[in-house]
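Asks:
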Amino acid sequence: MSTTVTEIQEIAAQTNESFTIRDLVDFSGRTYGDWRDEFHRNGCVVIKNVISPDRAKYYCDKQIEWLKNFDLGFDEKDESTWTAEHLPVSFKGGYKPRHRMYYAYAATHEKIAWEARTEPAVVKIFEDLWETKELLCSFDGMNISLPRRKDLNWSPWPHCDQNPDRKGMQAVQGLLNFAPNGPKDGGLMLMKGSAKLFDEFFAQKRDQYDHEDAPPPELKYMDLFLFHDRDLEWFKERGCEMIKVNMEPGDFVLWDSRTMHYACLPEGDQIRHVQYICMTPRRFATPRALELKKFCFENFIGTTHWPHCNIRPAAEKPMRDGQVCPKDRAEPFEKPVITEQVLKLAGVKEY
Ligand SMILES: [Fe+2]
Numbered sequence: 038m039s040t041t042v043t044e045i046q047e048i049a050a051q052t053n054e055s056f057t058i059r060d061l062v063d064f065s066g067r068t069y070g071d072w073r074d075e076f077h078r079n080g081c082v083v084i085k086n087v088i089s090p091d092r093a094k095y096y097c098d099k100q101i102e103w104l105k106n107f108d109l110g111f112d113e114k115d116e117s118t119w120t121a122e123h124l125p126v127s128f129k130g131g132y133k134p135r136h137r138m139y140y141a142y143a144a145t146h147e148k149i150a151w152e153a154r155t156e157p158a159v160v161k162i163f164e165d166l167w168e169t170k171e172l173l174c175s176f177d178g179m180n181i182s183l184p185r186r187k188d189l190n191w192s193p194w195p196h197c198d199q200n201p202d203r204k205g206m207q208a209v210q211g212l213l214n215f216a217p218n219g220p221k222d223g224g225l226m227l228m229k230g231s232a233k234l235f236d237e238f239f240a241q242k243r244d245q246y247d248h249e250d251a252p253p254p255e256l257k258y259m260d261l262f263l264f265h266d267r268d269l270e271w272f273k274e275r276g277c278e279m280i281k282v283n284m285e286p287g288d289f290v291l292w293d294s295r296t297m298h299y300a301c302l303p304e305g306d307q308i309r310h311v312q313y314i315c316m317t318p319r320r321f322a323t324p325r326a327l328e329l330k331k332f333c334f335e336n337f338i339g340t341t342h343w344p345h346c347n348i349r350p351a352a353e354k355p356m357r358d359g360q361v362c363p364k365d366r367a368e369p370f371e372k373p374v375i376t377e378q379v380l381k382l383a384g385v386k387e388y
């Protein structure tokens with residue numbers, strides 16, 4: 038690596054992006070006769086059967102295999118091994134949210150992560166949404182949540198992943214769901230309708246909730262806002278509804294990044310298996326953002342949920358008992374197959 042990760046993060050932090058203050062695409066007045074109408078109405082939508090149940094099972098199995106690759110004694114059939122010492126360190130950028138997102142160990146560039154991103158029906162969702170085939174994807178994590186973990190405390194932290202100073206719809210987030218996910222299985226909570234009220238809510242100065250799991254301010258997450266409990270009431274009073282998104286294997290959920298959301302911990306028996314996937318048009322990206330993406334791609338480093346800007350290399354080391362996890366690795370266990378499509382979605386190759 039010619040440039041160190043610290044250097045590149047410093048450069049990324051200094052890249053003074055000016056915030057766009059309107060929708061990047063004006064969708065007003067359009068109707069489609071499909072899921073897009075619901076999406077534009079509510080700021081979120083579940084799209085059914087995007088991949089087959091068999092294909093979803095493949096991803097579940099591969100995610101379990103990924104956990105076992107670390108040789109830490111994890112056994113999916115033995116619940117006594119469902120503890121931190123038997124698992125890789127899940128985190129995002131150096132802090133530990135209680136949900137089980139994997140960003141370290143080059144997980145964001147495992148073959149299965151890229152396979153999920155390039156599922157034809159997944160790509161088509163974003164092509165249809167943005168009305169272009171020229172897309173970039175984020176290098177997002179996967180989420181494997183084991184139920185009944187005894188070693189975790191958890192409290193919800195409702196947030197949105199768009200900076201209050203950015204206005205309008207500028208990014209969407211999605212996740213491809215692999216395992217049955219019912220009301221007791223934890224998963225995604227969405228404040229349905231909140232995206233539309235984003236500008237109104239932030240028209241006045243709002244202070245962020247100081248959650249114990251929040252990232253320390255020096256990590257400079259450009260697009261993250263944590264809500265207070267009273268803020269939930271503000272949205273509910275204006276007709277929004279907090280919903281638990283229930284999904285079957287192969288379903289996909291898409292939400293406007295202005296939507297308030299959080300993950301709730303599974304309480305049933307089912308392991309939650311998810312890959313986060315976000316795509317936006319390449320034309321939204323600056324040459325600088327594309328350079329940063331290329332650096333991340335070539336070094337198997339993750340990013341934020343934002344595909345075209347806020348390319349913050351998620352390069353913090355996984356820490357275990359105050360030390361870098363001995364299982365830390367800079368390459369995926371299974372490298373992705375580098376196709377033309379992968380290079381284009383990564384932003385490395387022009388369309
Ligand atoms: Fe989020």
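Position one of the sequence shown corresponds to residue 38 (our numbering), numbered consecutively onward.
Cβ atoms here follow ideal geometry from the backbone N, Cα and C, with glycine treated the same way.
Bear in mind the structure is a predicted one, so any value in this text is a computation, not a measurement.
1. Name the DSSP bridge partner or partners of residue 100?
2. Starting from the Cα of residue 181, find the closest Cα among 311, 65 and 141 and give me that residue.
3. Could you tell me whether the region 94 to 103 touches the region 142 to 153, using the rule of 3 or more Cβ pairs below 8 Å?
4. If I measure Cβ to Cβ from residue 379 and keep anything under 7 Å in the same chain, skipping five residues before and after, which residues do I get?
5. If we require 4 or more residues per run, which alpha helix (DSSP H) segments fall completely within the region 239 to 313?
6. Any residue with its Cβ nearer than 6 Å to a heavy atom of ligand 1 should be included. What is that list in chain order?
7. Answer yes if the region 261 to 278 comes into contact with the region 56 to 63, meaning at least three C-beta pairs across the two stretches below 8 Å, and no otherwise.
8. Taking Cβ to Cβ, would you say residue 176 is nearer than 9 Å to residue 383?
9. Given this structure, state the Cα-to-Cα distance separating residue 210 from residue 137, to the nearest angstrom.
10. Looking at residue 224: is its Cβ nearer than 9 Å to the Cβ of residue 284?
11. When the Cα of residue 340 is compared with those of 207, 203, 144 and 243, which residue comes out closest?
12. Alpha carbon to alpha carbon, how far is residue 141 from residue 130? Give it in angstroms, no decimals.
13. Excluding the 5 residues flanking residue 366 on each side, which residues of the same chain have their C-beta closer than 7 Å to its C-beta?
14. So residue 79 is in the alpha helix (DSSP H); what residue range does that whole segment cover?
15. Round the Cβ separation of residue 342 and residue 362 to the nearest angstrom and send it over; I've been treating them as touching at under 8 Å.
16. Tell me which residues share the same chain as residue 107 and place their Cβ nearer than 7 Å to its Cβ, disregarding the 5 neighbours each side in the sequence.
17. Determine the closest residue to residue 184 out of 297, 121 and 222, with distance taken between C-alpha atoms.
18. Which residue from 73, 295, 347 and 101 puts its Cα closest to that of residue 201?
19. Let me confirm a value: residue 199 is counted as buried when at least 16 other C-beta atoms fall within 10 Å, else exposed. Which label applies?
20. Residue 317: buried (16+ other C-beta within 10 angstroms of its C-beta) or exposed?
21. Scan the region 135 to 211 and note each continuous beta strand (DSSP E) run of 3 residues or more that stays entirely inside, going in chain order.
Replies: According to the data block:
1. Residue 100 pairs with nothing; no bridge assigned.
2. In this structure, 311 is the residue among 311, 65 and 141 with its C-alpha nearest to the C-alpha of residue 181.
3. Segments in contact, yes.
4. Correct list, in chain order: 151, 155 and 373.
5. Within the region 239 to 313, the complete alpha helix (DSSP H) runs of at least 4 residues are 266 to 274.
6. Counting every residue whose Cβ lies closer than 6 Å to a heavy atom of ligand 1, we get 196, 198 and 298.
7. A contact is defined here as three or more CB-CB pairs under 8 Å, and the region 56 to 63 fails this definition with respect to the region 261 to 278.
8. It is a contact, given that the beta carbons lie within the stated cut-off.
9. As the crow flies, the alpha-carbon of residue 210 is around 17 Å from that of residue 137.
10. Note that the C-beta distance between residue 224 and residue 284 is below 9 Å.
11. If we check each option's Cα against that of residue 340, 144 comes out closest.
12. Residue confidence for residue 130 is low, a pLDDT of 39 falling below 50, so the modelled location carries little weight; the figure read from the coordinates is stated next. Whole-angstrom Cα-Cα distance: 8 Å.
13. The beta carbon of residue 366 lies closer than 7 Å to those of 142 and 143 in the same chain, with the five residues before and after it left out.
14. Note, residue 79: alpha helix (DSSP H), 72 to 79.
15. Contact between residue 342 and residue 362 fails: their C-beta atoms lie close to 24 Å from each other, not under 8 Å.
16. Taken in chain order, the residues that qualify are 125 and 364.
17. Comparing C-alpha distances from residue 184 to each of 297, 121 and 222 shows the shortest one belongs to 222.
18. Closest in C-alpha terms to residue 201, from the list 73, 295, 347 and 101, comes 295.
19. Its Cβ being crowded by 16 or more others within 10 Å, residue 199 is buried.
20. Buried is the call here.
21. Correct list: 172 to 174 and 179 to 182.
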